[in-house]
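The structure appears right after this line, and notes come after that.
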Amino acid sequence: MPLSPKQQIIHSIKKSENILIAFKDIKYGNGYPAGADAIASALALQKIITKNNKTADIASSNFSLPKNLAFLPSADKIKNSIVSSKESSISINIKNSGLKNFSYKIDGDLLNIFLSPKFGNLSLNNLKVDNGSLRYDLIIVLDTPDIAQLGDLYINNKTLFDNVPIINIDHQPQNDGFGEINMIDIKSSSVAEIIWNVLGNSKNMDEEIINCLLAGIISKTKNFRRANTGTKTLEAAGKMIELGANRHEIVEMMYRTKAIETLKLWGRTLARLKQNENIICSILTRDDFIHSGAEENVLPDVIHELMSNSPANDTIVIIFEAIDGKIKALMYSETKNIKIESLGVEHFSGQLAHIDLPYKNIIEAEKILIEEIKINI
């Protein structure tokens, strides 16, 4: 009987020694930080692996650690890039020429090596290049629907990704199943819940690991308020708390410890809040960011606050003037998939959509976008 995906994952981790854990490039969030679920799940998985006397690195292109996740253990060790092969070597047979002098020079991206023979000529036929063995023997990709969304991590290490088995763990229905082993569970609230279901019985579980997994679940369920919070999710969270996870501290650090700049921007958002049928909308000008001292990367927090205080069937939209001068928007719907072909927007329920608007005036952009959402809901 063939092994189930769960059994395959456990078997693959057991037989591997050096594991890479990866999640999508920040640019696929339009410059916003990676999700807490991916980060917390990666950290939990890394700790489980290293407790089994194996090595594990976490990497994500252009990674930026959100301030509210700095409390997660070893979060500051997540890398932006990797070296995918071990030491390379260049060998030259000098039996028939000897070697008088050797030197090298780096000229931009070019390494120039200079060799002077004692006698005769050095022949390129005597040259041998060994690229070295691959550094990792297993790759685990989390919360990433398409392998191309790994960005430069994938582009710059294609030999690694083409030759090493990939475990693909996700709960998003649009995941294209790019791994040799695919654990795509759309009934789970989060990647953290899937990892708990696969590895939760491990003897190596400790409070740090369980806190990371609970943080991932809390992030994706918005502290158990979203519609994706099912009975199994609550059972998993309850078991984690029973084993020592500190829900109060996690919620405090992730949601209630906010910088004064974020609170100021929240106030400016509320001041212009409008409700149009089931669409809640606000606009933010560049002056709002300047006067509050906040940056665009806090906008997902603002969306979360609006969502937490709105009915589940509402669609939430923030239209803003970005630092690059363009008009952009964030859109969130708990229950609706929204496709706006004229703007190239495809939004899946429970996820944050990032929209570039081809307008120069923010009021015009607001009017047109709201009408398009009404038509396409």
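Counting from 1 along the sequence shown, just add 52 to a position and that's the residue number in the numbering used here.
Don't be surprised by glycine CBs; every beta carbon is placed ideally from N, CA and C.
Keep in mind the model is a prediction, meaning the values are calculated, not measured.
| query | result |
| --- | --- |
| Whole-angstrom C-beta distance between P169 and K147, which should lie under 8 Å | Contact doesn't hold; Cβ gap of about 11 Å is too wide. |
| Expected contact under 8 Å - CB spacing of K106 and E69 to nearest Å | 6 Å |
| Beta strand (DSSP E) segments (min. 3 residues) lying fully within the segment 226–257 | 233–236 |
| Rounded distance between the beta-carbons of I332 and S362, thought under 8 Å | 6 Å |
| Distance between beta carbons of L382 and H406, contact taken as under 8 Å | 6 Å |
| Simplified DSSP assignment, three categories, for T367 | strand |
| Cβ distance (whole Å) where D237 is taken to contact I246 below 8 Å | 5 Å |
| Cutoff 8 Å; reference E418; Cβ partners in own chain excluding five residues on either side | C333, I335, I371 |
| Bridge partner(s) assigned by DSSP for M383 | V369, A405 |
| Residue of H343, L167, N104, E294 minimising C-alpha distance to T314 | H343 |
| Endpoints, the beta strand (DSSP E) within which N220 is located | 218–222 |
| Rounded straight-line distance, which links the Cα of V250 to that of N413 | 50 Å |
| Stretch-stretch touch, CB-based, cutoff 8 Å, three pairs: the segment 303–313 with the segment 265–282 | yes |
| Bridge partner(s) assigned by DSSP for S93 | Per DSSP, none; premise fails for S93. |
| T337 - DSSP class collapsed to helix/strand/coil | coil |
| Burial state of M235, where buried means 16 or more other Cβ atoms lie within 10 Å | buried |
| DSSP-derived helix/strand/coil call for D167 | Note that residue 167 corresponds to Leu in the displayed sequence, not to Asp. Strand, per DSSP. |
| Cβ neighbours of E232 in the same chain (closer than 7 Å, five flanking residues each side left out) | P217, I218 |
| Contact under 7 Å by Cβ, D222 with D195 | yes |
| Cα-Cα separation between L212 and I144, rounded to whole angstroms | 26 Å |
| Status (buried if at least 16 other CB within 10 Å, exposed otherwise) for E294 | exposed |
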